[in-house]
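At position 31 of the sequence shown (counting the first as 1) the number is 30 in numbering that gives the first Met the number 0, and the numbers step up by one without a gap.
Note that the Cβ used here is the ideal one computed from N, Cα and C, for glycine as well.
Since the model is a prediction, treat every value here as computed from it, not as a measurement.
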Amino acid sequence: MVDRIVQKALTSLTANMVELNREHWMKDAVDAERAGCTLTCQAIIRHVIGTGVEDEDKKATRLGDADSFAKQGALACARAVYAHALKNIEKRKGIWLAAAHFEKTHGTTFIFFSVVYSVY
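Written as structure tokens, this is what we have:
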């Protein structure tokens, strides 16, 4: 439900020729996480992460975003970025390694192994 609301909001803004500021929306995702609204945080990231990013820069941008979120303590945001990247980027060995390292450092054993075994 939250995903649909965020999607409709962004579609409406775009239809009314409002420029979507990626950095502003990413900050809103962090604010949503800090407010305890993890689903909102994940939905914002899913729908805004590709805004203004060239295809050849996707991998580097996603890794940078996840690292930035981790440094801010926004772990749910970082997980959402890694999940999106692992699902949508073809050459993902580096992303998979970064996600596994992130979960080893910040996650539980279960989450770590779910990332490690997601390659199969």
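- Here DSSP, grouped into helix, strand and coil, assigns residue 78 to helix.
- Look at residue 3 here: in three-state DSSP terms it is helix.
- The segment 4-15 makes contact with the segment 34-49; the number of CB pairs closer than 8 angstroms reaches 3 or more.
- The alpha-carbon separation between residue 105 and residue 95 amounts to approximately 15 angstroms.
- Using a 10 angstroms sphere on the CB of residue 56, the tally of other CB atoms stays under 16, which defines it as exposed.
- Your pair residue 99 and residue 80 does not check out as a contact, with CB atoms roughly 14 angstroms apart and the cut at 8 angstroms.
- Secondary structure at residue 18: coil, using DSSP grouped into helix, strand and coil.
- DSSP, read as helix, strand or coil, puts residue 55 in helix.
- Taking residue 117 as the centre and dropping the five residues before and after it, the same chain places the C-beta of 85, 95 closer than 8 angstroms to its C-beta, in chain order.
- Contact between residue 40 and residue 75 holds: CB atoms are separated by about 5 angstroms, below the 8 angstroms threshold.
- Bounds of the alpha helix (DSSP H) holding residue 93 are 92-105.
- Rounded to the nearest angstrom, the gap between the Cα atoms of residue 103 and residue 36 is 24 angstroms.
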